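*Asks:*
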Amino acid sequence: MSTLEKSLTIIELLAAKPGGLSVSTIAQQVNQPASGVHRTLNELIRLGYVRQVQDQGDYALTMKLAALGVGFLGRTGVGDVAQPILDRLAQTSGELIRLSVIDGDDLIWVAVAQGATGGLRYDPGQEQGVVVHLASSAGGQAWLASMSDEEALERVSRQGLAKTGKPSGPGAPRTITELLEILAETRKRGYAVSVNSYIVGMAAMAMPVLSNGQVISCLSIAGPAVRMTPERMEELAPHLARAAEEIGIAASGSRYFPGLHKRA
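This is how it looks when you write it as C-alpha cells:
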C-alpha cells in the first residue's frame, strides 16, 4: 500500500467518525501498524487535514477537507443548474428531494431540497457528499435498473449487497435474486421504489436523469413511509419525471456533471 493510499484510507475512516478515533483504533480499522498510522497522522496534522482532539487524545479531521469539497461543489455549478428545479419539486411534493450524480463507479448525493415544513419528516442531515449504497436505496436501484442485469450485478458486487456500518432495513434485498426482481419491477414501473430499505421507516422513489441519451444522475423523493404510500408515489411520478427531464436538459449545456464526460 502506497503512502498516499494509506493516508486516504485513514482520511476516509475519520470522515465517518467526526468525534475522532484513537491511534490504536485507527490502526485496527485500516489494518496498518500503529507506528505507521501515527506517522501518517502527524503528517496530516502538519498539512492541516487532521487535528488531535486533546493532548494524547483522539485524532479527527479538521474542516479543511470539508471546505475543499464544499468549495469544489459550489464552483462546479451543479447546484446552480439543479437547485431551482429541486426546490420546485420539494414544494410540490412536500417531501425531501435529493440529487445524486454519477462519478466513475459511484453515485454521490450532491444536492438536496426539503419540502416538509413541519410535523413528521425525513431529514438525513449530513448525507451530501456520501456515496449512495446502490442495492438498498431508491436512487441506487434507479441507476442499476438503467443498466443490464450483468452490469448492475458487477457494480453491486464491488460495493456489497449489504451496507457497511448502519444496517439496511427489512425491505432491502437480501439476495441477488431479490435484487434482480426489484430491478425488473423498477423497469416495468418506470421508477424505483424503496420502502423500509435504506432506513427503517423511510420510503423513497427515484428516477434516473438522462442527458444526451445517457444517465448522468438520479433524482429522488423521500419521506416517512406512512406518508409515502404507493398511491402517493403514483401521484408524484409525473412531477418527478418532469423534474428529471428538466435537469437533464439543463445539464446538457453544463460541463460540470461528471457523468457527461465519462468515456464510452
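For what it's worth, our numbering labels the leading residue of the sequence shown as 647, then goes sequentially. Glycine included, each C-beta is placed from N, C-alpha and C at the ideal position. Since we're looking at a predicted model, the values are computed, not measured.
Counting along the chain, where does the alpha helix (DSSP H) carrying Pro876 start and finish?
*Replies:* As a position in the sequence shown, residue 876 is number 230, starting the count at 1. Note, Pro876: alpha helix (DSSP H), 876 to 897.
*Asks:* Which same chain residues end up closer than 7 angstroms to Ala798 when comparing Cβ atoms and leaving out the 5 residues on each side of it in sequence?
*Replies:* On the sequence shown, residue 798 is found 152 positions in, with the first residue counted as 1. Only Leu790, Leu829 meet the Cβ criterion.
*Asks:* Mapping the DSSP letters down to three states, classify Pro730 as helix, strand or coil.
*Replies:* Residue 730 sits at position 84 when you count from the first residue of the sequence shown. If DSSP states are grouped into helix, strand and coil, Pro730 belongs with the helices.
*Asks:* Measure the CB-CB distance between Met879 and Val846 and report whether it falls below 9 angstroms.
*Replies:* In the sequence shown, the residue the question calls residue 879 occupies position 233. In the sequence shown, the residue the question calls residue 846 occupies position 200. Cβ atoms of Met879 and Val846: not closer than 9 angstroms.
*Asks:* Between which two residues does the alpha helix (DSSP H) containing Ala830 stretch?
*Replies:* Against the sequence shown, residue 830 aligns to sequence position 184. Residues 822 to 835.
*Asks:* From Ser866, Glu827, Met848, Pro679, pick the residue whose C-alpha is nearest to that of Pro816; which is it?
*Replies:* The count along the sequence shown starts at 1 and reaches residue 816 at position 170. The option with the nearest alpha carbon to Pro816 is Met848.
*Asks:* Does Arg744 come out as helix, strand or coil in the three-state DSSP assignment?
*Replies:* Counting from 1 along the sequence shown, the entry for residue 744 is found at position 98. Strand.
*Asks:* Could you tell me the distance, in whole angstroms, from the CA atom of Lys812 to the CA atom of Gly665?
*Replies:* Taking the sequence shown and counting its residues from 1, one reaches residue 812 at position 166. Taking the sequence shown and counting its residues from 1, one reaches residue 665 at position 19. Near 17 angstroms, if we compare the C-alpha coordinates of Gly665 and Lys812.
*Asks:* Give me the Cα-Cα distance between Asn858 and Ser794, rounded to the nearest whole angstrom.
*Replies:* Here residue 858 refers to the residue found at position 212 of the sequence shown. Here residue 794 refers to the residue found at position 148 of the sequence shown. Those two C-alpha atoms are separated by around 19 angstroms.
*Asks:* Rounding to the nearest angstrom, what Cα-Cα distance links His907 and Ile893 in this structure?
*Replies:* Your numbering for residue 907 matches position 261 in the sequence shown. Your numbering for residue 893 matches position 247 in the sequence shown. With a pLDDT of only 49 at His907, under the threshold of 50, the placement of this residue in the model should not be trusted; the figure read from the coordinates follows. Answer to the nearest angstrom: the Cα atoms are 16 angstroms apart.
*Asks:* What three-state label does DSSP hand Ile867 in the structure shown?
*Replies:* As a working note, residue 867 is residue 221 in the sequence shown. If DSSP states are grouped into helix, strand and coil, Ile867 belongs with the strands.
*Asks:* Among the residues of its own chain, which have a CB less than 6 angstroms from the CB of Ala850, if the five just before and after it don't count?
*Replies:* For the purposes of this step, residue 850 is taken as the residue at position 204 of the sequence shown. Taken in chain order, the residues that qualify are Ala784, Ser840, Ser866, Ala868.
*Asks:* Buried or exposed for Leu654, going by 16 or more other Cβ atoms inside 10 Å?
*Replies:* Numbered from its first residue, the sequence shown carries residue 654 at position 8. Its Cβ having fewer than 16 others within 10 Å, Leu654 is exposed.
*Asks:* By alpha-carbon positions, which one of Ala757, Gly750, Leu780, Ala889 ends up nearest to Ala818?
*Replies:* To locate residue 818, count along the sequence shown from 1; it is residue 172. Of the candidates Ala757, Gly750, Leu780, Ala889, the one whose C-alpha sits nearest the C-alpha of Ala818 is Leu780.
*Asks:* For the beta strand (DSSP E) containing Ser857, list its first residue and its last residue.
*Replies:* Counted from its first residue, the sequence shown places residue 857 at position 211. First-last of the beta strand (DSSP E) with Ser857: 848 to 857.
*Asks:* May I ask you to report which of helix, strand or coil DSSP gives Ser840?
*Replies:* In the sequence shown, the residue the question calls residue 840 occupies position 194. Strand at Ser840.
*Asks:* With distances taken Cα to Cα, identify the nearest neighbour of Ile748 among Ser648, Val855, Glu881, Glu689.
*Replies:* Here residue 748 corresponds to residue number 102 of the sequence shown, with the count starting at 1. Considering only alpha carbons, the answer is Val855.
*Asks:* Hey, out of Ala759, Val727, Tyr695, Ile691, whose CA is closest to Ala744's CA?
*Replies:* Within the sequence shown, the letter at position 98 stands for residue 744. One point to set straight first is that residue 744 is Arg, not Ala, in the sequence displayed. It is Ala759 whose Cα lies nearest to the Cα of Arg744.
*Asks:* Rounded to a whole number of angstroms, what is the C-alpha to C-alpha distance between Ile656 and Leu650?
*Replies:* Residue numbering aside, residue 656 sits at position 10 when the sequence shown is read from its first letter. Residue numbering aside, residue 650 sits at position 4 when the sequence shown is read from its first letter. Looking at the two C-alpha atoms, the distance is approximately 10 angstroms.
*Asks:* Short of 7 angstroms in beta carbon distance, which residues of its chain neighbour Pro730, apart from the five on each side in sequence? Order them along the chain.
*Replies:* Locating residue 730 in the sequence shown gives position 84, counting from the first residue. Cβ neighbours of Pro730 beyond the five flanking positions: none.
*Asks:* Looking only at its chain, what residues have a beta carbon closer than 6 angstroms to the beta carbon of Val777, apart from the 5 residues adjacent to it on each side?
*Replies:* Taking the sequence shown and counting its residues from 1, the one referred to as residue 777 is at position 131. Excluding residues within five positions, the ones whose Cβ falls inside 6 angstroms are Asp752, Ile754.
*Asks:* Could you check the C-alpha separation between Asn677 and Glu877 for me, to the nearest Å?
*Replies:* Within the sequence shown, numbered from 1, the residue matching residue 677 stands at position 31. Within the sequence shown, numbered from 1, the residue matching residue 877 stands at position 231. Approximately 48 angstroms, taken between the alpha carbons.
*Asks:* DSSP on Arg804, reduced to helix/strand/coil?
*Replies:* If you number the sequence shown from 1, residue 804 lands on position 158. It is helical.
*Asks:* Can you tell me where the alpha helix (DSSP H) with Ala706 in it begins and where it stops?
*Replies:* Numbered from 1 along the sequence shown, position 60 holds the residue referred to as residue 706. Counting along the chain, Ala706 falls outside any alpha helix (DSSP H), though it belongs to the beta strand (DSSP E) covering 705 to 707.
*Asks:* In whole angstroms, give me the CA-to-CA distance for Ile672 and Ala706.
*Replies:* One-based indexing of the sequence shown puts residue 672 at position 26. One-based indexing of the sequence shown puts residue 706 at position 60. Cα to Cα, the separation comes out at about 11 angstroms.
*Asks:* Taking all protein chains shown into account, decide if Arg909 is buried (16 or more other Cβ within 10 angstroms of its Cβ) or exposed.
*Replies:* Translated into positions along the sequence shown, residue 909 becomes position 263. Per-residue confidence for Arg909 stands at a pLDDT of 42, beneath the threshold of 50, marking its modelled position as unreliable; no derived number is given.
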